[in-house]
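Asks: Just so we're aligned, residue 62 is where the sequence shown starts under the working numbering, counting upward by one.
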Amino acid sequence: MMNGFELILQNVEKYIALSEAEKVFFCSLLQERLYHKKEYLHREGSTCGQLVFITSGCVKSYLLDTKGNEHILTIAITDWWVADYKSLVFDTPSELFIEAVEPTQVLLLSKNKREELFKEIPRFEHYFRILTERAFAVSQQRITDILSLPAVQRYEKFLQRYSRIADSFSQQQIASFIGVTPAFFSRMLKSRRK
62 MMNGFELILQ
72 NVEKYIALSE
82 AEKVFFCSLL
92 QERLYHKKEY
102 LHREGSTCGQ
112 LVFITSGCVK
122 SYLLDTKGNE
132 HILTIAITDW
142 WVADYKSLVF
152 DTPSELFIEA
162 VEPTQVLLLS
172 KNKREELFKE
182 IPRFEHYFRI
192 LTERAFAVSQ
202 QRITDILSLP
212 AVQRYEKFLQ
222 RYSRIADSFS
232 QQQIASFIGV
242 TPAFFSRMLK
252 SRRK
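#1: Taking the alpha carbon of Q166 as the reference point, which residue from Y101, I239, E83, Q233 has its own alpha carbon closest?
#2: Return the bridge partner residues of A137 from the DSSP annotation.
#3: From this set, V85, Y223, I204, Y123, which residue's C-alpha is nearest H103's C-alpha?
#4: Indicate the three-state DSSP secondary structure (helix, strand or coil) for H103 in the structure shown.
#5: Given a cut-off of 8 angstroms on the beta-carbon distance, is the pair I69 and V120 in contact?
#6: How would you write the range of the beta strand (DSSP E) that T127 sits in, first residue to last?
#7: Where A196 and R203 are concerned, what is the direct C-alpha to C-alpha distance, given to the nearest angstrom?
#8: Identify, in the order they occur along the chain, each residue of the same chain with its Cβ nearer than 7 angstroms to the Cβ of G65, setting aside the five sequence neighbours on each side.
#9: What does the Cβ neighbour count give for A161, buried or exposed, with the cut at 16 atoms within 10 Å?
#10: Quick check on the DSSP output: the beta strand (DSSP E) that includes A161 runs from which residue to which?
#11: Just list the residues that DSSP pairs R94 with in beta bridges.
#12: Buried or exposed for I342, going by 16 or more other Cβ atoms inside 10 Å?
#13: For F87, name the three-state secondary structure that DSSP assigns.
#14: Considering only their Cβ atoms, is the gap separating L90 from K172 smaller than 8 angstroms?
#15: Cα-Cα, which of N72, A244, K98, V150 is closest to E163?
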């Protein structure tokens with residue numbers, strides 16, 4: 062089984078080549094952390110100061126509306142990065158929570174350490190640009206799906222993309238992610254079973 066540092070280096074090397082010294086330097090900037098199920102990696106109101114790389118487990122980012130309803134924006138699984146990018150980029154208080162859905166091992170890269178990384182190994186700016194473009198494309202597709210696909214197709218896409226961890230989510234959380242009410246989701250599941 063691959064450890065977290067091997068996994069992140071494998072991820073990075075899909076996009077940029079690193080010397081052994083650069084690998085060591087990059088890994089020295091990362092902090093390992095384990096989060097228990099339902100433990101917060103980040104809370105609404107605080108400023109996001111780090112990027113999180115998932116080495117095992119799963120997290121969700123979400124916001125609460127004025128009625129206290131949860132709206133899931135992102136599900137991040139092993140080999141993915143997650144952060145509240147708006148808060149990170151603009152250095153403003155966050156509107157999001159990031160919470161472990163199951164026990165989750167991560168590597169943390171602070172905003173300051175990332176800047177240090179860019180100065181020492183400028184190729185990492187290329188790596189993070191690719192990640193940002195890919196994240197934007199996935200986000201754009203998710204918005205397009207919510208606006209154009211029927212709920213049952215959005216649910217099928219959820220099951221395809223997150224098959225390993227789908228059972229970790231309640232029906233209410235899945236409904237939130239695909240953009241329907243829990244009552245509608247329950248009726249949809251009943252009609253699918255017929």
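Don't be surprised by glycine CBs; every beta carbon is placed ideally from N, CA and C.
Replies: Reading from the atomic positions:
#1: Nearest of Y101, I239, E83, Q233 to Q166, Cα basis: Y101.
#2: According to DSSP, A137 bridges with V120.
#3: Each of V85, Y223, I204, Y123 was checked against the Cα of H103, and the nearest Cα belongs to Y123.
#4: Strand, per DSSP.
#5: Result no, Cβ atoms of I69 and V120 do not sit closer than 8 angstroms.
#6: No beta strand (DSSP E) contains T127, which DSSP labels as neither H nor E.
#7: C-alpha separation (whole angstroms): 11 angstroms.
#8: Counting only residues of its own chain and dropping the five nearest sequence neighbours on each side, G65 has a CB closer than 7 angstroms to the CB of E93, T116, Q166, L168.
#9: Burial call: buried.
#10: Start and end: 158-161.
#11: Secondary-structure assignment with DSSP links R94 through a beta bridge to V167.
#12: A query on residue 342 cannot be resolved here, the shown segment of the chain reaching from 62 to 255 and no further.
#13: Here DSSP, grouped into helix, strand and coil, assigns F87 to helix.
#14: Taking 8 angstroms as the cut-off, the beta carbon of K172 is found no closer than this to the beta carbon of L90.
#15: Measuring from the Cα of E163, the nearest candidate turns out to be K98.
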